[in-house]
Amino acid sequence: MSLMQLETIVGLFRGKEVSGAEKQELIREALFMTLTRATAADSNVAGLEVATVQKILSERVGEEVSEKDIRVAANSALYEEGSLEKYLSKVAGKVDAAERCAIVTALAEVLKADGKVSPFEVEFFNGVVKSLGLSHADVAGLE
Numbered sequence: 066m067s068l069m070q071l072e073t074i075v076g077l078f079r080g081k082e083v084s085g086a087e088k089q090e091l092i093r094e095a096l097f098m099t100l101t102r103a104t105a106a107d108s109n110v111a112g113l114e115v116a117t118v119q120k121i122l123s124e125r126v127g128e129e130v131s132e133k134d135i136r137v138a139a140n141s142a143l144y145e146e147g148s149l150e151k152y153l154s155k156v157a158g159k160v161d162a163a164e165r166c167a168i169v170t171a172l173a174e175v176l177k178a179d180g181k182v183s184p185f186e187v188e189f190f191n192g193v194v195k196s197l198g199l200s201h202a203d204v205a206g207l208e
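Residues in the sequence shown are numbered from 66 upward in steps of one, following this note's numbering.
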């Protein structure tokens, strides 16, 4: 199944239960949504950030995603139905803290890819952490 379809996460948002077999796909889709949306967090979709998203998705989920698909997903009509934070809040109850922390770690890598982190990106990061139900200690690896 292509990450671009986001069938599992949209189903969860619409009230569908996620089976154990679908949990891994849910994590993949949450990572994809978070990272692609992060590329537009400061309204400046930097090429280095997009390349970092491609690298992370390839290494962590085995999915090759084009630059075009990342740019389209970053501003998808999907976010008219619900914000990223609302989608991630639904995901938070279905996956464990270690998996949620892995998403946040990948997000930090993307946000730092161009060598600078804007206030908008910091706000985006904090919103993702909150939506995923993580504490400061979780994010710092203390729990």
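We put the CB at the ideal spot given by N, CA and C, even for glycine.
Check: Among A86, L91, K177 and Q70, which residue has its Cα nearest to the Cα of K155?; Outcome: L91
Check: Taking only runs of the beta strand (DSSP E) that begin and end inside the segment 130-172, which ones reach a length of at least 3 residues, in chain order?; Outcome: none
Check: Taking the beta carbon of R79 as the centre, do at least 16 other beta carbons fall within 10 Å, making it buried, or is it exposed?; Outcome: exposed
Check: From what residue to what residue does the alpha helix (DSSP H) around A111 run?; Outcome: First-last for A111: undefined, no H or E at that position.
Check: State the Cα-Cα distance for the pair V75 and Y152, rounded to the nearest angstrom.; Outcome: 8 Å
Check: Give a yes or no on whether the C-beta atoms belonging to E208 and T117 are separated by under 8 Å.; Outcome: no
Check: To the nearest angstrom, report how far apart L197 and A111 are at their CA atoms.; Outcome: 25 Å
Check: Would D203 and A139 be called neighbours here (beta carbons separated by less than 8 Å)?; Outcome: no
Check: How big is the Cα-Cα spacing for K195 and D107?; Outcome: 19 Å
Check: Just how far apart, CA to CA, sit L113 and T104?; Outcome: 9 Å
Check: Just to confirm before moving on: does the CB-CB distance between I135 and V115 stay below 8 Å?; Outcome: yes
Check: Exposed or buried, what is V193 when buried is set at 16 or more other beta-carbons lying within 10 Å of its beta-carbon?; Outcome: buried
Check: Kindly list the residues whose CB is nearer than 8 Å to the CB of T99, restricted to its own chain and excluding five residues on each side of it in sequence; keep chain order.; Outcome: L149, L153, I168, A171, L172 and V193
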